[in-house]
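From first to last, the protein sequence lines are chains L and P. Quick note: the first sequence uses our numbering, first residue 63, plus one each step. Quick note: the second sequence uses our numbering, first residue 1356, plus one each step. C-beta: ideal position from N, C-alpha, C; glycine also. Because the structure is a prediction, the values reported are computed rather than measured. Take a look at the structure set out below.
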Amino acid sequence: MKKSFIAQSVILVSSLFNIGVYAAELSVTVTDSKNRLLPNIVVYAEPLDKSSMPNEAAPLDHSAVMDQIHKQFVPHILVVQKSSWVNFPNSDSIKHHVYSFSPAKSFELRLYDGGKAKPIQFEKAGEVVLGCNIHDWMLGYIYSVDTPWFAKTNKQGAVTLDLPDGDYQLKYWSPLLQNADKDKAIQLTVKGDKQQTIQLNDELLPALADYENNDELTDY
Amino acid sequence: MIKRLTSFLTLALFCNTAFSRSIELDGIVEVGYVDAAYDKNWLNSWMEGGVGVLRFNENDTLELSQALIEARGDLIDDLSYEVVAQYYPDGDQHVGISQAFLTYAPLSRGLKHQLKLGLFYPAMSLENVDTGWTSPYTYSFSAINSWLAEEVRVAGLEWSVTRSGRQYHSPHSFTFSAALFKGNDPAGTLLAWRGWALHNRQTSLNERVYFADYFQFGMFDKAFPDHLQVTRETDGRFGYYAGINWRYLQQTDVRLYYYNNSADPLAVESNWQYAWQNHFLSLAVQHKFNRNFRILAQWMDGQTGMGTYDGGVYTDFTSWYLMASYQWDKHRFSARFDDFEVVETDANPADPNDSHGHSITLAWRYQYSPQWNLGAEWLHVNSDNENRTLWRNWQAAHRQQQVMLMAQFRF
């Protein structure tokens, strides 16, 4: 308890000192190969010099949430910093059986109506695919990144990262990326505000969002 | 064996409640006012010896239509149970169990396998998807699903494997199911004598379903029992069914099933209860045009029979329905047309079995609150059953009309 108080104080103090360093606003727009603006793309900036990063996501921060609402994962994609803890509440009045076989984090969790599950820590960076063993159309993603500077693009395909000046690798991820766009990075030097466009080499895979149009009138 | 399984499940249920590991309870109590208009008083319910095709009688008014409770929970990891207990004020047995089964659904990568053991319905219906195998659309089920409710229940083991499209970035999902079962030897008895009917009366485990005494006019009184037990095992043989289910996103759902109880039609018990050789194909389709509007349809075609061709009963049976359902805010409007037919194929002139008919069902249901659901249903059915003429001065063809104002309390 005492230790955590000290840790919190250190974070607080260091963030006070950091205020002057967050000089830059990096605005990124993501389009596909046909210049269409792409929402819901994870964009993150990894500093080349990792020592310039503030502390890793505080293990005390349990604020990340992957909920179950109307037999769907909400949000569909959750981005967290590596080592974060994620809560799995269940807003449905039925049982869910959430699982992942992904190398970055493999687990299973039985979520009962009104029950409380312990949060899960995502120690490794990478993609975690979530399913439900009862409702086989449910699909969700937790994407864990090794940087505190990340966000998802809005409906206009845009995202803004507040980060200190420095050299970065700008990366992006979506479960719908085709092979030509996987594991790509853009080298970037940030000095003051900056605009950047990411254009994919290909289109996205179809989202099959109609899987979300489920209703109560089904027996499975 | 079935009894033992049921008591085990009941015990498991109570243990489970005691330790409150996980239990999900859903219940429905359905009450309402029924106004049945039949042109002859012999058209009352088969359960009361009538030859009509609707459940309620002409003098019925305020009725408790049904009360049922569905309990689900986990026993251990990957193994869960489900039990449905029900109460009906009519029929031979008022309280009973309609389904009781264990499900083993281990977590697996890719293809998903599942085992189901116990007493259950083959999942061939798209109409009866609500709690306790009820319909969220109309109060009276289609002719096909009314028949499944009263005469088709298997005590067996089902294996199914599912390829979930979403995991493969595909809009198509598939499930294949196959089952072996015991019991269900009398399947088709009601179709051959009473004919198709429209109701919501689900038969309970070990319950007897009585029907009119069509045998009083034959050479031998009590030639056959005037009732059946849906889970009865007469010949000791296993039956089987297999089905495929194709789903396109959450929009289209198609289920094709073949059922065969493999009964020996010459096997007979001391009370002249025969095993009925029954096999049929069922094709069910649902398509959602948008969030509000959908259509459902089902077609069934099969044969049932027992005894010899000269002295027994053999029939072909066919039915289909088409239903449109529209949801507007908290209101759901459904309209269904049913067509049904039984054709006699045996050479026994003393026992006519031909029947055919059609019906129109219009229903409105209003979700007043999460607990209260109100609604009304108008049902009009024409049925022409040849064996009604066994009675002197009775006619084969009749119209029946039924209006229901219903309230459902759900918990």
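Going along chain P, which residues have a C-beta under 9 Å from residue i?
i         : result
ASN195(L) : ASP1433, ALA1460, PRO1461, LEU1462, SER1463 and LYS1467
LEU270(L) : GLY1520, ARG1521, HIS1524, SER1525, PRO1526 and LEU1604
To the nearest angstrom, how far is it from the Cα of residue i to the Cα of residue j?
i          : j          : result
TYR203(L)  : TYR1388(P) : 50 Å
SER1710(P) : PHE1593(P) : 30 Å
THR1486(P) : ARG1765(P) : 10 Å
VAL1623(P) : LYS1395(P) : 36 Å
TRP1733(P) : ILE139(L)  : 47 Å
ALA1718(P) : ALA1690(P) : 6 Å
VAL1516(P) : ASP198(L)  : 12 Å
GLN130(L)  : GLY176(L)  : 12 Å
TRP1727(P) : ILE1599(P) : 36 Å
LEU1481(P) : LYS186(L)  : 43 Å
VAL1406(P) : LEU1636(P) : 27 Å
CYS1370(P) : TRP147(L)  : Because CYS1370(P) sits at a pLDDT of 46, beneath the cut-off of 50, its placement in the model cannot be relied upon, and the following sentence gives the value as read from the coordinates. CYS1370(P) and TRP147(L): Cα-Cα distance of roughly 34 Å.
LEU1621(P) : THR1589(P) : 10 Å
GLY1538(P) : ALA1510(P) : 6 Å
TYR1393(P) : TYR174(L)  : 49 Å
ASN275(L)  : ASN1647(P) : 11 Å
GLY193(L)  : ASP1581(P) : 51 Å
ASP1568(P) : ASP1540(P) : 20 Å
ASN1748(P) : GLN1441(P) : 39 Å
MET1356(P) : PHE1456(P) : Here the model assigns MET1356(P) a pLDDT of 42, short of 50, so the residue's position is not dependable, and the following value carries that caveat. Distance between the alpha carbons of MET1356(P) and PHE1456(P) is about 13 Å.
On the DSSP bridge assignment, give the partners of residue i in chain order.
i          : result
LEU232(L)  : ALA107(L) and ILE248(L)
GLN130(L)  : PHE135(L)
HIS1735(P) : ILE1715(P) and GLN1756(P)
PHE1475(P) : VAL1509(P)
ILE182(L)  : VAL148(L)
TYR1458(P) : For the record, residue 1458(P) in the displayed sequence is Thr; it is not Tyr. In the DSSP output, where bridge partners are listed per residue, THR1458(P) has SER1435(P) and LYS1471(P).
LYS256(L)  : LEU88(L)
LYS1537(P) : ALA1510(P)
TYR205(L)  : VAL141(L) and GLU189(L)
HIS1527(P) : TYR1603(P)
Strictly below 7 Å CB to CB, what residues from chain P border residue i?
i         : result
PHE163(L) : ARG1464
TYR273(L) : ARG1521, LEU1604 and GLN1605
ASN276(L) : GLN1605
GLU189(L) : Ordered by position in chain P, no residue passes the 7 Å Cβ test against GLU189(L), which lies about 14 Å from the chain.
GLU170(L) : LEU1462
Any idea if residue i is buried or exposed, counting beta-carbon neighbours within 10 angstroms, 16 or more meaning buried?
i          : result
ILE1650(P) : exposed
SER125(L)  : exposed
ILE1431(P) : exposed
LYS155(L)  : The question names Lys, yet the displayed sequence has Ser at residue 155(L). That one is exposed.
VAL1438(P) : buried
PRO1725(P) : exposed
HIS159(L)  : buried
ALA242(L)  : exposed
VAL1554(P) : The question names Val, yet the displayed sequence has His at residue 1554(P). HIS1554(P) is buried by the Cβ-count criterion.
THR1416(P) : exposed
ASN1414(P) : exposed
TRP1502(P) : buried
THR1700(P) : exposed
VAL141(L)  : buried
PRO1444(P) : exposed
TRP211(L)  : buried
Taking C-beta pairs closer than 8 Å, name the residues in chain L that residue i reaches, listed in chain order.
i          : result
SER1501(P) : The premise fails here: SER1501(P) is roughly 17 Å from chain L at the closest Cβ pair, so nothing lies under 8 Å.
VAL1484(P) : LEU279, THR280 and ASP281
Please compile the residues from chain L whose C-beta is within a distance smaller than 7 Å of the C-beta of residue i.
i          : result
SER1377(P) : LYS157 and TYR174
Assuming residue i contacts residue j under a Cβ cut-off of 8 Å, what Cβ separation, rounded to an integer in Å, is found between them?
i          : j          : result
VAL1585(P) : GLU1506(P) : 6 Å
ALA1547(P) : VAL1697(P) : 7 Å
ALA1597(P) : ALA1652(P) : Rounded, the Cβ-Cβ distance is 21 Å, inconsistent with contact.
HIS1686(P) : LEU1398(P) : Between LEU1398(P) and HIS1686(P) the Cβ distance is about 32 Å, and since that is not below 8 Å, they are no contact.
LEU1462(P) : TRP1514(P) : Wrong, their Cβ atoms sit about 17 Å apart, outside the cutoff.
ASN1633(P) : ASN1616(P) : 5 Å
ARG1602(P) : ALA1639(P) : Contact flag wrong, Cβ pair sits at about 12 Å.
THR215(L)  : VAL92(L)   : 5 Å
TRP1551(P) : GLY1712(P) : 7 Å
LEU1380(P) : ALA1426(P) : 5 Å
What residues of chain P sit near residue i, judged by a beta carbon separation below 8 Å?
i         : result
GLU265(L) : What GLU265(L) touches in chain P: nothing, since even the nearest Cβ is about 14 Å away.
ASP94(L)  : Going along chain P, no residue has its Cβ under 8 Å from ASP94(L), so there is no contact; the nearest lies around 17 Å.
LEU201(L) : ARG1521 and GLN1522
ASP198(L) : LYS1467, THR1517, SER1519, ARG1521, GLN1522 and SER1528
LEU192(L) : Near LEU192(L) there are no residues of chain P at all, since even the closest Cβ is about 11 Å away, more than 8 Å.
Which residues in chain L have a C-beta closer than 9 Å to the C-beta of residue i? List them in chain order.
i          : result
THR1586(P) : Residues of chain L passing the Cβ test: none, with the nearest at roughly 22 Å.
PRO1491(P) : GLU278 and LEU279
ARG1646(P) : ASN275 and ASP277
Say yes only if the C-beta of residue i is nearer than 7 Å to one or more non-hydrogen atoms of the ligand MN, and no if none qualify.
i          : result
LEU1466(P) : No copy of the ligand MN appears in this structure; indeed no ligand is present at all.
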